[in-house]
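In the UniProt record's numbering, the protein residues as written are 1 to 340.
Right, one structure below, let's go through it.
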Amino acid sequence: MNLETTATVQTLLSTPKKIVITGHKNPDGDAIGSCLGLYFFLKANGHDAQVIMPNDFPDFLKWLPGIDTLIIHEKEVEKSTERIENADLIFTLDFNALNRVGDLQPLLEKSTAKFIMIDHHQQPDAYAVATYSDVRMSSTCEMVYHFIDALGGNQQISKAIATLLYTGIMTDTGSFRFSSTTPVTHKVIAHLLEAGANNAAIHQNVYDTNSPDRMRLLGVALKNLQIFPEYKTAFITLSQKELDTHNFKKGDTEGFVNYALSVKGVRFAVIFIENKQESIVKISLRSKGDFSVNEFSRKHYNGGGHTNAAGGRSLQSLNKTITHFISILPDYTEELNDDA
Ligand SMILES: [Mn+2]
Numbered sequence: 001m002n003l004e005t006t007a008t009v010q011t012l013l014s015t016p017k018k019i020v021i022t023g024h025k026n027p028d029g030d031a032i033g034s035c036l037g038l039y040f041f042l043k044a045n046g047h048d049a050q051v052i053m054p055n056d057f058p059d060f061l062k063w064l065p066g067i068d069t070l071i072i073h074e075k076e077v078e079k080s081t082e083r084i085e086n087a088d089l090i091f092t093l094d095f096n097a098l099n100r101v102g103d104l105q106p107l108l109e110k111s112t113a114k115f116i117m118i119d120h121h122q123q124p125d126a127y128a129v130a131t132y133s134d135v136r137m138s139s140t141c142e143m144v145y146h147f148i149d150a151l152g153g154n155q156q157i158s159k160a161i162a163t164l165l166y167t168g169i170m171t172d173t174g175s176f177r178f179s180s181t182t183p184v185t186h187k188v189i190a191h192l193l194e195a196g197a198n199n200a201a202i203h204q205n206v207y208d209t210n211s212p213d214r215m216r217l218l219g220v221a222l223k224n225l226q227i228f229p230e231y232k233t234a235f236i237t238l239s240q241k242e243l244d245t246h247n248f249k250k251g252d253t254e255g256f257v258n259y260a261l262s263v264k265g266v267r268f269a270v271i272f273i274e275n276k277q278e279s280i281v282k283i284s285l286r287s288k289g290d291f292s293v294n295e296f297s298r299k300h301y302n303g304g305g306h307t308n309a310a311g312g313r314s315l316q317s318l319n320k321t322i323t324h325f326i327s328i329l330p331d332y333t334e335e336l337n338d339d340a
């Protein structure tokens, strides 16, 4: 965080404030870890803080410290509305455009509070009085660590904060394997372990929680895997019927796309998931190296994200979406076969 942003934040936090901390829709480990981590820090420094998430999140995050204090807007509209209307300050974490917060969007747009953004996604919007944006960062949780550090709070990293930030860094870096993981990331992790984060327990709580239904759905996904060696591309599909047969619950397909990316030689992987209720196909894209799925998704799927991980959607049927995807692959032959 640069000196100017640090000074702005210091001034804003110099007296007790009513603060709302919010993450993006369908919050992941990084969104929840960063919001609650910051929550404990702000509370310890005399602020009246509250984390609000637009909607619910998977069970494997429900053991996190402070999770009971969190308001899910979708479930408690009145409570969250009141909190936002009375806020002096609103922290937006792990996203950088107000259209990422679902039904919270109109409330945030109407708010007269001052906004502070902490985020590592590309192309941040300019709604905050203090913007801490850095696309090179592994995770927003790592940024919250640097944020606390810049405010002189390094010694205030409690076991709860350490656990939360560790969780988000771990989940956003694929357990420290993505190229966004730097020597600094590992130094931060080292301190979080010293501060009491239990790495083995966190890993187990997050990853060893598969239901039999989810494992069988993964089996179906892997059966549906299609590989195009000439484009170094692999994709997975899941139809609504396949989801229904396996009692699909939100979050069940999390990480499936990485199996496609783990095929030898593949550097571009996609999963297409039919959602009949919303009449869309939900799309997650992953890549290795410099093939930008962020650009790909912006161009074709009305989405975006990072160079190596992005999301998007198609309004066409699952079949049409896939036929179209296969038809545009040749346009990327060179890019996909470049270097690697
Ligand atoms: Mn993140």
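We put the beta carbon where it would ideally sit given N, CA and C, even for glycine.
Every value quoted in this text rests on a predicted model; they were computed, and no experiment measured them.
When the Cα atoms are used, what is the spatial distance from residue i to residue j?
| i | j | result |
| --- | --- | --- |
| I72 | P330 | 43 angstroms |
| A162 | M137 | 18 angstroms |
| H300 | L42 | 41 angstroms |
| A113 | C35 | 17 angstroms |
| T321 | K249 | 23 angstroms |
| I67 | I157 | 18 angstroms |
| M53 | A150 | 26 angstroms |
| V281 | S314 | 5 angstroms |
| W63 | A31 | 15 angstroms |
| V293 | L238 | 20 angstroms |
| S80 | K25 | 15 angstroms |
| S327 | A128 | 41 angstroms |
| A340 | I283 | Since pLDDT at A340 reaches only 49, below the 50 mark, its modelled position is unreliable, and the value read off the structure follows with that caveat. Spanning the two alpha carbons is a distance of roughly 24 angstroms. |
| G265 | A234 | 10 angstroms |
| H120 | V135 | 4 angstroms |
| E82 | G37 | 23 angstroms |
| V184 | P212 | 38 angstroms |
| E278 | L217 | 21 angstroms |
| S175 | R214 | 21 angstroms |
| E109 | G219 | 43 angstroms |
| M1 | D290 | 26 angstroms |
Tell me whether residue i counts as near ligand 1, meaning its Cβ is closer than 6 angstroms to at least one heavy atom of that ligand.
| i | result |
| --- | --- |
| D30 | yes |
| D68 | no |
| T140 | yes |
| D94 | yes |
| D172 | yes |
Which first and last residues belong to the alpha helix (DSSP H) in which residue i is found?
| i | result |
| --- | --- |
| E230 | Per DSSP, E230 belongs to no alpha helix (DSSP H) and is neither H nor E. |
| R83 | 77-85 |
| M215 | 212-223 |
| V293 | 293-300 |
| A44 | 29-44 |
| I148 | 140-150 |
| A309 | Taken as a continuous stretch (DSSP letters only), A309 belongs to no alpha helix (DSSP H), being part of the beta strand (DSSP E) at 309-314. |
| residue 342 | Past the edges of the chain, shown from 1 to 340, lies residue 342, and the structure says nothing about it. |
| L164 | 159-172 |
| residue 387 | Summary: the structure shown does not reach residue 387, with the chain confined to residues 1 through 340, and so no result is reported for it. |
Between which two residues does the beta strand (DSSP E) harbouring residue i extend?
| i | result |
| --- | --- |
| V51 | 48-53 |
| E274 | 268-275 |
| F248 | No beta strand (DSSP E) contains F248, which DSSP labels as neither H nor E. |
| F115 | 114-119 |
| Y332 | Careful: Y332 lies outside any beta strand (DSSP E) and carries neither H nor E. |
| Y127 | That residue, Y127, is in no beta strand (DSSP E); it is neither H nor E in DSSP. |
| T22 | 18-22 |
| V263 | Segment: none, V263 is in no beta strand (DSSP E) and carries neither H nor E. |
| I90 | 89-93 |
| K282 | 280-287 |
Can you give me the Cβ contacts of residue i inside the same chain, cut-off strictly under 8 angstroms, excluding the 5 residues immediately before and after it?
| i | result |
| --- | --- |
| L222 | I236, Y259 |
| D48 | P16, K17, K18, I19 |
| D56 | I72, E74, K75, K250 |
| S111 | I84, E85, A87, I90 |
| P124 | N96, A97, M117, T131, S133 |
| F40 | P65, G66, S158, A160, I161, L164 |
| G46 | P16 |
Can you find a C-beta in chain D that's less than 7 angstroms from the C-beta of residue i?
| i | result |
| --- | --- |
| H73 | No chain D appears in this structure, which consists of one protein chain only. |
Please list, in chain order, all residues of the same chain as residue i whose beta carbon is under 7 angstroms from its beta carbon, the five residues on each side excluded.
| i | result |
| --- | --- |
| N99 | Q105 |
| L318 | T237, S239, F272, E274, V281 |
| T171 | D28, G29, D30, V206 |
Report all residues from its chain with a CB closer than 6 angstroms to the CB of residue i; omit the five preceding and five following residues, and keep chain order.
| i | result |
| --- | --- |
| K159 | G196 |
| K288 | R267 |
| S297 | L285, G303, G304, A310, G312 |
| L261 | A269, R286 |
| T307 | S292, N294 |
| T6 | A150 |
| G23 | A31, C35, M53, L93, D94 |
| K276 | Q240 |
Would you say the beta carbon of residue i comes nearer than 6 angstroms to a heavy atom of ligand 2?
| i | result |
| --- | --- |
| N55 | Questions concerning ligand 2 fall outside what the structure shown contains, since the ligands it does hold are ligand 1. |
Open item on the list: Check whether the stretch 128-145 and the stretch 176-188 touch, using three or more Cβ-Cβ pairs below 8 angstroms as the test.
Closed with: yes
Task: Inter-stretch contact (C-beta, 8 angstroms, three-pair minimum) for the stretch 202-216 and the stretch 163-182 - done: yes
Task: Stretch-stretch touch, CB-based, cutoff 8 angstroms, three pairs: the stretch 191-199 with the stretch 210-229 - done: no
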